[in-house]
Amino acid sequence: MEFKPEIVAFLCNWCSYTGADLAGTSRMEYKPNVRAIRVMCSGRIEPTFILRAFKRGADGVLVCGCHPGDCHYQEGNYRCLRRFSLLQKYIQQMGIETERMKLEWISASEGKQFAELANSFTETIRELGPCKIKETLEVFT
Amino acid sequence: MAVYWGSACGGCCVSVLDVHEKLFDVIAVADLVFWPIALDFKYKDVENMPDKHIDITLYNGAVRNSENLRIARLLRQKSRILVAYGSCSHLGGIPGMANFSSKEDIFRRVYQESESTVNSDKVRPLAEYQVAEGILELPEFYNDVRPLSQVVHVDYIIPGCPPQTERLLEVFMAIATGAELPPIGSVIGSGTKAQCDECIRKKTENKRIKKFYRPWEIVDDGVTCFMEQGILCMGPATRSGCGYRCIKGNAPCRGCYGPTPGTSDPGAKMMSAIASIIDAKEPEEIEKIVEGIVDPAGTFYRFSLPASIIRRNVS
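Line by line, the protein sequences give chains B and Y.
With my numbering applied, the first sequence covers 747 to 887.
With my numbering applied, the second sequence covers 70 to 384.
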């Protein structure tokens, strides 16, 4: 059976979700593998959210926020960036490919960029193959 | 009362002995019916007890092999109240860091590759071995280390590596005098806030960190918050109750009391906390500061890996 990646995308309300929405209202086509979760700010995305997404079977996790300097709450996206860099290091130690986690800045006007990102990230994950975290963690040996 | 050690260093059992002469108060109200470190009872003595015969069992140590698991189940059956005592049975503890490796990694290192080992026949321990006199048995070594609550129902948790002996006495006396007990599943003998709320070191509201130091790379001034000096301290993500004894001894908190109430994953919480105080906005600069945290997984999950969200290395 063909592998259909499941991707969880955390999108900030002010820029990235609006950007994704613009892709939709402009009728751009992009891969249907991305499940969007709207959060108020990329600074709201706790490491727990991302780790739980993987544990529950996500093959990839996308995090999008406003461009640096554009955060609706001044600093949220910088916090997100710093968390992301720590998390990358952590998941690598846990044996998870760092490519499965991606951070991109998408503004409210970048519908096209969002569609392209959804396509390219889906392709990256498709090449990596299914994530084994869920099945590994379900088994105790 | 019974005390048992699973995969443990023995420190928890010693912390029970640390009640000193208060032990007489304990044995005035309770018979010690099973305690491998101090008393000569056998597993069969426990097997022969009626169910729920033991009022309170303190199980310390993680579940690492089939013997730990068998006795955990046996003691659950024979005990009215089963307490996960200490970090290992609470969260996996130091032995839990073995979850960064697989059973095969560990056996290869220990029985073949370690510098002091000569093992040309590549002999490995077996769970069963046939000799002329019959079959010899060893407990089976599992691939995963588990906290107690992942294998049996646990009534209460007393955290710490080891738990503060005073807290144990309070808990024990509460049970012995029939005082009202907290809801089943509670973490007892500890506080409800974070270490930072109790710590007396000097703190400022806006922490800003440009560089992380390992403790031997910097001279601690003995007064200022460790984090503000750039030394990683697990205080923000760790439950209070120990009386910040490491910090009083001028060592940063390592997180043995486990996550604060309402937090499931202390490492994830710690990553959040640290991200908030790194003083940089440019990706390259952030990378450089984060490089100073040499082993995030081992530092943030030193005592809690098997109980965390990603509870083992998955590769």
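C-beta atoms are modelled at their ideal positions from N, C-alpha and C, and glycine is treated no differently.
Every unbroken stretch of the alpha helix (DSSP H) spanning 4 or more residues and falling wholly within the segment 226-263 of chain Y is given here in chain order: 234-245. Inter-segment contact for the segment 348-366 of chain Y and the segment 816-836 of chain B is present: three or more beta-carbon pairs are separated by less than 8 Å. Contacts with chain B at 8 Å (Cβ-Cβ) do not include Y/Val187. In terms of Cα proximity to Y/Ala263, the closest of Y/Ala306, Y/Trp285, Y/Ile227 and Y/Val288 is Y/Ala306.
According to DSSP, residue pairing for Y/Gln199 in a beta bridge involves Y/Ile204. Taking C-beta separations shorter than 6 Å and ignoring five residues to either side along the sequence, the partners of Y/Gly260 in its chain run Ser309 and Gly310, following chain order.
Using a CB distance cut-off of 8 Å, Y/Ser341 counts as an interface residue toward chain B. With a beta-carbon spacing of about 11 Å, B/Asp816 and B/Ser855 fall beyond the 8 Å limit used to define contacts.
Of the candidates Y/Ile123, Y/Pro119, Y/Tyr128 and Y/Leu86, the residue whose Cα lies closest to the Cα of Y/Gly75 is Y/Tyr128. Considered as a whole, the segment 102-174 of chain Y harbours 112-116, 135-147 and 156-160 as its complete alpha helix (DSSP H) runs of no fewer than 4 residues, in chain order.
Exposure of Y/Gly318 is indicated by the presence of fewer than 16 other C-beta atoms within 10 angstroms of its C-beta. Identification of chain Y residues near B/Ser831 by a Cβ-Cβ cut-off of 7 Å yields Ile355, Glu356 and Val359, ordered along the chain.
Within chain B, no residue has its beta carbon less than 8 Å from that of Y/Arg193; the closest one is some 17 Å off. The beta-carbon separation of Y/Gly130 and Y/Ser170, rounded to 19 Å, does not stay under the 8 Å limit for a contact.
With respect to Y/Ala196, Y/Glu209 sits close: the two C-beta atoms are nearer than 8 Å.
For the pair B/Ala804 and B/Val780, the CB atoms are not nearer than the 8 Å cut-off.
For the options Y/Ile379, Y/Val72 and Y/Leu160, the alpha carbon positioned closest to that of Y/Val85 is the one of Y/Val72.
Neighbourhood of Y/Asp213 in chain B, by CB distance below 7 Å: Phe886 and Thr887, in chain order.
Contact between Y/Cys268 and Y/Gly155 is absent: CB atoms are separated by about 22 Å, not below the 8 Å threshold. Between Y/Tyr198 and Y/Leu205, the C-beta spacing is below 8 Å.
DSSP places B/Ala766 in the uninterrupted alpha helix (DSSP H) bounded by Ser762 to Thr771. As computed with DSSP, Y/Ser76 is found in a beta bridge with Y/Ala131. Residue state for Y/Met296 is assigned as helix, using DSSP reduced to three classes.
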